[in-house]
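Undergrad: Below: one structure in structure tokens.
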Amino acid sequence: MNAHRSIAFVFALTAFLPALGTCVASAQEQEIPPKLHWSFAGPFGLYDPAQLQRGFKIYKEVCSTCHSLKLLAFRNLADPGGPAFTEAQAAAIAATFQVTDGPNDQGEMFQRPGKLADRFPSPFPNDQAARAALGGALPPDMSVLAKARSVERGFPWFIFDAFTQYQEDGPDYIQAILNGYEDPPPAGFTLPPGAQYDKYFPGNAIGMPKPLSEGQVEYTDGTPATVDQYGRDVSAFLMWAAEPTLDARKRLGFQVFVFLIVLTGLLYFTKKRVWHEVKHHPELLEPHPPTEYRS
Amino acid sequence: MSEHSIYRPQSAFMQWMERRLPIAGLVYSSFVVYPTPRNLNYWWTFGGILSFMLGVQIVTGIVLAMHYTPHVDFAFNSVESIMRDVNYGWLLRYLHANGASFFFVAVYAHIVRGMYYGSYKDPREVLWILGVILFLLMVVTGFMGYVLPWGQMSFWAATVITNLFSAIPGVGDPIVTWLWGGYAVGNPTLNRFYSLHYLLPFVIAGVVVLHIWALHMVGQNNPTGVEPKAEKDTVSFTPYATAKDAFFIGVFCLFLAWFVFYIPNYLGHSDNYIPANPGQTPTHIVPEWYYLPFYAILRAIPNKLLGVIALISSIVLLAFLPWLDTSRVRSANYRPLYRQFLIVYFLVVIGLGYLGSQPPEGGYVIAARILTGYYFIFLLIILPLLGLFEKTKPLPNSISESVLREGVAVAASAPPSGSRG
């Protein structure tokens with residue numbers, strides 16, 4: 002009985018005191034990005050190639066003006082488990098980009114159309130140039146952005162997440178940011194010069210002007226051309242950019258699970274068989290000899 | 057069965073070999089006929105799981121090292137190239153990163169078992185101390201491994217942890233400079249961490265050999281804490297322990313696979329996907345989850361030097377458990393008071409882990425101080441006193457007696473198939 006009481010005490014202490022602390026600390030409440038449905042969520046969730054293609058279109062037409070995608074190569078667009086462009090399509094896309102190559106025989110760097118093996122060229126030669134052109138704000142590289150952003154889940158949600166396999170807080174966050182702009186900002190909030198108000202951005206003052214507006218990018222497959230849809234598509238694309246092997250991982254994962262469950266089951270029955278005599282007829286056990294290690 | 061106790065090679069080749077290098081005999085006596093108490097429960101499988109995980113980490117680590125570049129300009133991108141361009145590189149990396157976490161899961165379970173059943177007591181003191189050394193080596197190795205991807209958390213964790221040495225009066229700053237190989241965490245730091253991260257697992261493997269050697273000298277403890285007295289108290293390691301260990305390694309792998317394949321980034325921190333930037337400090341610097349209780353102890357104490365001393369002693373004190381615990385009864389099953397205080401101690405460590413993940417402000421600090429207080433009071437005051445005042449339950453005369461008594465009880469109330477298994 003005492004044990005129960007002391008357990009309750011420790012739990013109460015760890016739960017109650019911090020709760021008191023947070024009430025005092027968090028006067029300014031941050032909006033939590035809503036949890037959305039993604040095709041790639043869950044143990045069997047895979048990327049939707051059509052969505053990735055739309056998302057790529059948004060990246061190319063909107064984001065790529067400021068954001069680099071340094072770790073991706075054009076060939077990745079034709080990789081299995083990705084946007085499912087054909088190799089010819091990916092090569093055609095590559096050719097629309099100018100990449101710097103060289104030095105040539107004259108020792109000069111030169112521009113040429115992109116090839117499949119090239120990585121996506123960056124919009125700015127370096128971070129300083131980006132800052133200079135964009136009034137001091139530095140647009141982050143988008144290669145692993147969807148894994149570099151998260152939503153603070155807190156107790157006890159983070160425990161449930163391990164069971165529900167919630168791994169999509171990155172795209173949830175990106176989609177929330179893209180749809181969280183408010184103009185004008187709420188009364189009483191003073192924006193620093195050059196910043197916009199976004200209700201999901203930490204601190205709420207974001208350097209990026211509202212990037213998407215209705216009808217800005219043309220969709221040819223009948224998907225609604227709304228900011229919400231644009232946001233979902235580009236968030237999915239960025240998740241793929243950050244985790245291009247997700248499809249392969251989940252497919253292999255299922256095979257591994259089937260294998261491990263069968264193996265563990267067999268090991269269980271082996272163990273049961275081996276131990277049967279010991280467990281149920283302990284009085285029949287033969288005496289065991291001491292080894293050289295035991296005196 | 058007595059003819060099995062000594063290895064007698066059958067083939068001419070093995071007889072020839074045994075006269076020159078008796079390795080088969082060593083394996084035979086250590087892993088086949090070695091007697092293990094027959095009443096061990098599944099808490100005793102974590103030793104085998106730990107050996108298995110050490111192997112997993114070394115194998116995945118060696119392949120990762122073939123593709124990794126330990127340089128501040130290339131480390132982050134080389135890890136990403138492993139994820140993207142190396143065949144099954146994502147699997148290797150996620151196995152290695154989550155494998156480290158599960159290595160710690162297993163070692164914590166192993167320590168909990170040792171403390172609950174009093175496995176550190178005479179004659180197993182050296183075995184236990186070797187275990188504490190192994191845990192310390194794991195902590196250092198894991199920390200250095202976390203630095204290698206050179207993300208924001210890697211860099212800032214390296215900065216915070218190495219800076220702890222600056223608390224040493226007088227020589228603190230020169231020591232930190234020496235550790236860094238410069239005046240800040242930089243390329244020399246990354247290079248030496250990489251070198252040591254590759255070296256230390258083999259040191260661990262060496263100490264594991266000593267740990268197992270010591271174990272085979274004194275024999276395994278068991279849930280009753282009563283030493284095997286007769287031959288019928290034990291069963292041979294193979295097939296009994298091997299079958300049981302193999303089954304539980306399978307169960308453990310299922311948990312590991314869940315994380316590796318479905319939530320590979322759950323245990324990591326998203327900031328570590330941002331390349332290291334010495335000019336920008338993350339809002340909260342948090343270590344990996346398995347260090348959080350110790351991190352909470354460090355931050356609970358307002359004075360830096362005392363905080364570092366508390367951090368180090370919270371682990372090193374464990375090495376002195378054989379002498380801090382004055383009771384002659386091993387198993388907590390026969391020590392009602394110790395059992396309660398110990399369960400509270402485990403809960404306190406979990407509570408400290410939660411507090412370590414939270415910002416050090418307001419109620420969190422107060423709670424961390426109270427729990428830290430209990431952590432040390434338990435080890436330094438409660439443990440020594442309990443042994444003097446506690447009234448323990450009567451111990452069974454032998455393992456067989458306790459097994460038979462349990463067996464009768466089980467048989468009386470339920471069919472035999474319902475027993476543990």
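Chains A and B supply the protein sequences, listed in that same order.
Numbered continuously in my numbering, the first sequence closes out at residue 296.
Numbered continuously in my numbering, the second sequence closes out at residue 477.
All C-beta atoms, glycine included, are put in the ideal place defined by N, C-alpha and C.
1. Starting from GLN396(B) and walking both ways along the alpha helix (DSSP H), at which residues does that stretch end?
2. Just mark TRP100(B) as buried or exposed, buried being the case when its beta carbon has 16 or more other beta carbons within 10 Å.
3. Specify, as a first and last residue, the run of the alpha helix (DSSP H) that SER137(B) falls within.
4. Mind checking which residues open and close the alpha helix (DSSP H) that includes ASP229(B)?
5. Reducing DSSP to helix, strand and coil, say where ARG76(B) ends up.
6. Whose Cβ in chain A lies nearer than 9 Å to the Cβ of ARG149(B)?
7. Does DSSP put ARG120(A) in a helix, a strand or coil?
8. Where does LYS300(B) land, buried or exposed, given buried means 16+ other C-beta within 10 angstroms?
9. Taking all protein chains shown into account, do 16 or more other C-beta atoms lie within 10 angstroms of the C-beta of THR19(B), making it buried, or fewer, making it exposed?
10. Should the stretch 329 to 345 of chain B be called in touch with the stretch 395 to 402 of chain B, which here means at least 3 C-beta pairs below 8 Å?
11. Measuring only between beta-carbons, confirm whether ALA131(B) sits less than 8 Å from chain A.
12. Would you mind telling me which residues of chain B sit closer than 9 Å to ALA130(A), beta carbon to beta carbon, in chain order?
13. Less than 8 Å between the CB atoms is what I'm expecting for TYR60(A) and ASP248(A), so what's the real figure, rounded?
14. Could you say which of LEU264(A), SER236(A), GLU278(A) and VAL263(A) lies nearest to SER40(A) if we only look at CA atoms?
15. Excluding sequence positions up to five away, which residues of its chain have a Cβ less than 8 Å from the Cβ of MET2(A)?
16. Using 8 Å as the cut-off, can you tell me whether the stretch 116 to 126 of chain B makes contact with the stretch 316 to 335 of chain B, which would need three or more C-beta pairs spanning the two stretches below that distance?
17. For ILE305(B), count neighbouring Cβ atoms within 10 angstroms of its own Cβ and tell me buried if that reaches 16, exposed if not.
18. Can you give the Cα-Cα distance for THR92(B) and MET194(B), rounded to whole angstroms?
19. Flag MET70(B) as yes if its beta-carbon sits less than 8 Å from any beta-carbon of chain A, otherwise no.
20. Can you name, in chain order, every residue of its own chain whose Cβ lies under 8 Å from the Cβ of VAL228(A), other than the five neighbours on each side?
21. Could you round the C-beta distance between PHE397(B) and ILE438(B) to whole angstroms and report it? I think they count as a contact, below 8 Å.
22. Which value, in whole angstroms, describes the spacing of the CA atoms of ARG76(B) and GLY198(B)?
23. With DSSP as the reference, label VAL63(A) as helix, strand or coil.
24. Please state whether the Cβ-Cβ distance between TYR150(B) and PRO284(B) is less than 8 Å.
25. So SER134(B) contacts chain A; which residues on that side make the cut at Cβ distance below 9 Å?
26. On the three-state DSSP scale, how would you describe SER458(B)?
27. For chain B, is any of its Cβ atoms less than 8 Å away from the one on PHE86(A)?
28. Between ILE455(B) and ARG94(B), how many whole angstroms is the CB-CB distance? I'm expecting something under 8 Å.
29. So is GLN166(A) in contact with chain B if we call contact Cβ pairs under 8 Å?
30. From GLN208(B) to TRP379(B), what does the alpha carbon distance come to, in whole angstroms?
31. Report all residues from its chain with a CB closer than 7 Å to the CB of GLN29(A); omit the five preceding and five following residues, and keep chain order.
32. Is LEU179(A) near the ligand FMN, with its Cβ less than 7 Å from a heavy atom?
33. Report all residues from its chain with a CB closer than 7 Å to the CB of ALA424(B); omit the five preceding and five following residues, and keep chain order.
34. Give a yes or no on whether the minimum CB-CB distance between TRP276(A) and chain B is below 8 Å.
35. Residues of chain B with a CB under 7 Å from the CB of SER151(A): which are they?
36. Between which two residues does the alpha helix (DSSP H) harbouring THR197(B) extend?
TA: On the basis of the supplied data:
1. Counting from one through the second sequence, the residue named residue 396(B) turns up at place 340. Residues 392 to 412.
2. Within the second sequence, numbered from 1, the residue matching residue 100(B) stands at position 44. In summary, TRP100(B) is buried, with 16 or more beta-carbon neighbours lying within 10 Å of its beta-carbon over all protein chains present.
3. Within the second sequence, numbered from 1, the residue matching residue 137(B) stands at position 81. SER137(B) -> alpha helix (DSSP H) spans 131 to 140.
4. Stepping through the second sequence from its first residue, residue 229(B) is reached at position 173. Unbroken alpha helix (DSSP H) run through ASP229(B): 228 to 236.
5. Locating residue 76(B) in the second sequence gives position 20, where the first residue counts as 1. DSSP, reduced to helix, strand and coil, places ARG76(B) within a helical segment of the structure shown.
6. Residue 149(B) sits at position 93 when you count from the first residue of the second sequence. Contact note: ARG149(B) does not reach chain A at a C-beta cutoff of 9 Å; the least C-beta distance is about 10 Å.
7. Translated into the one-based positions of the first sequence, residue 120(A) becomes position 119. Looking at ARG120(A) - three-state DSSP - the assignment turns out to be strand.
8. Residue mapping note: residue 300(B) aligns to position 244 of the second sequence, counting from 1. By the neighbour-count rule (16 or more Cβ atoms within 10 Å), LYS300(B) is buried.
9. This structure gives no information on residue 19(B), because the portion of chain B shown stretches from 57 to 477.
10. The stretch 329 to 345 of chain B and the stretch 395 to 402 of chain B do not touch, with fewer than 3 CB-CB distances between them shorter than 8 Å.
11. The count along the second sequence starts at 1 and reaches residue 131(B) at position 75. Not closer than 8 Å to any Cβ of chain A, the Cβ of ALA131(B) fails to qualify, so no.
12. What you label residue 130(A) is simply residue 129 of the first sequence in a count that begins at 1. Near ALA130(A) there are no residues of chain B at all, since even the closest Cβ is about 17 Å away, more than 9 Å.
13. Position 59 of the first sequence, counting from 1, holds the residue named residue 60(A). Position 247 of the first sequence, counting from 1, holds the residue named residue 248(A). About 19 Å separates the CB atoms of TYR60(A) and ASP248(A); that is not less than 8 Å, and the two are not in contact.
14. The residue labelled residue 40(A) in the question sits at position 39 within the first sequence. Here the closest residue by C-alpha is SER236(A).
15. In the first sequence, residue 2(A) corresponds to position 1, counting from 1. With a pLDDT of 41 at MET2(A), under the threshold of 50, the modelled position of this residue cannot be trusted, and the question is left open.
16. The count of Cβ pairs closer than 8 Å, one atom from the stretch 116 to 126 of chain B and one from the stretch 316 to 335 of chain B, stays below three, leaving the stretches out of contact.
17. Position 249 of the second sequence, counting from 1, holds the residue named residue 305(B). By the Cβ neighbour-count rule, ILE305(B) is buried, with 16 or more other Cβ atoms within 10 Å of its own.
18. Translated into positions along the second sequence, residue 92(B) becomes position 36. Translated into positions along the second sequence, residue 194(B) becomes position 138. If I take the Cα positions, the gap works out to 27 Å.
19. Taking the second sequence and counting its residues from 1, one reaches residue 70(B) at position 14. By this cut-off, MET70(B) is not an interface position.
20. Numbered from its first residue, the first sequence carries residue 228(A) at position 227. If we look at VAL228(A) and ignore the five residues flanking it on each side, its Cβ neighbours are LEU179, ASN180, LEU213, SER214 and GLU215.
21. By 1-based counting over the second sequence, the position of residue 397(B) is 341. By 1-based counting over the second sequence, the position of residue 438(B) is 382. By a beta-carbon distance limit of 8 Å, PHE397(B) contacts ILE438(B). Their separation comes to about 5 Å.
22. Locating residue 76(B) in the second sequence gives position 20, counting from the first residue. Locating residue 198(B) in the second sequence gives position 142, counting from the first residue. Those two C-alpha atoms are separated by around 40 Å.
23. In the first sequence, the residue the question calls residue 63(A) occupies position 62. In this structure, VAL63(A) counts as coil in the three-state DSSP scheme.
24. Taking the first residue of the second sequence as 1, we reach residue 150(B) at position 94. Taking the first residue of the second sequence as 1, we reach residue 284(B) at position 228. Taking 8 Å as the Cβ cut-off, TYR150(B) and PRO284(B) do not qualify as a contacting pair.
25. Position 78 of the second sequence, counted from the start, is the residue given in the question as residue 134(B). Those within 9 Å of SER134(B) in chain A number zero; the least Cβ separation is about 11 Å.
26. Taking the second sequence and counting its residues from 1, one reaches residue 458(B) at position 402. In the structure shown, SER458(B) sits in a helix (DSSP, three-state: H, G or I).
27. Mapped onto the first sequence, residue 86(A) falls at position 85. Taking Cβ atoms only, chain B never reaches closer than 8 Å to PHE86(A), which makes this a no.
28. In the second sequence, residue 455(B) corresponds to position 399, counting from 1. In the second sequence, residue 94(B) corresponds to position 38, counting from 1. Rounded to the nearest angstrom, the Cβ distance from ILE455(B) to ARG94(B) is 6 Å, consistent with a contact under 8 Å.
29. Position 165 of the first sequence, counting from 1, holds the residue named residue 166(A). So, interface residue.
30. Residue 208(B) sits at position 152 when you count from the first residue of the second sequence. Residue 379(B) sits at position 323 when you count from the first residue of the second sequence. Straight through space, the alpha carbons of TRP379(B) and GLN208(B) are spaced by roughly 42 Å.
31. Walking along the first sequence from the start, residue 29(A) turns up at place 28. Here GLN29(A) scores only 49 on pLDDT, less than 50, and its place in the model should not be relied on; the value that follows carries that caveat. Cβ within range, chain order: n/a, list empty.
32. Looking at this structure, you won't find the ligand FMN or any other ligand, since it has none at all.
33. Taking the second sequence and counting its residues from 1, the one referred to as residue 424(B) is at position 368. Once the five neighbours on either side are set aside, the close Cβ partners of ALA424(B) are ALA352, ARG355, ALA356, LEU408 and LEU411.
34. For the purposes of this step, residue 276(A) is taken as residue 275 along the first sequence, with counting starting at 1. Yes, contact with chain B.
35. Here residue 151(A) refers to the residue found at position 150 of the first sequence. Result: SER326.
36. For the purposes of this step, residue 197(B) is identified with residue 141 of the second sequence, where counting begins at 1. THR197(B) -> alpha helix (DSSP H) spans 181 to 203.
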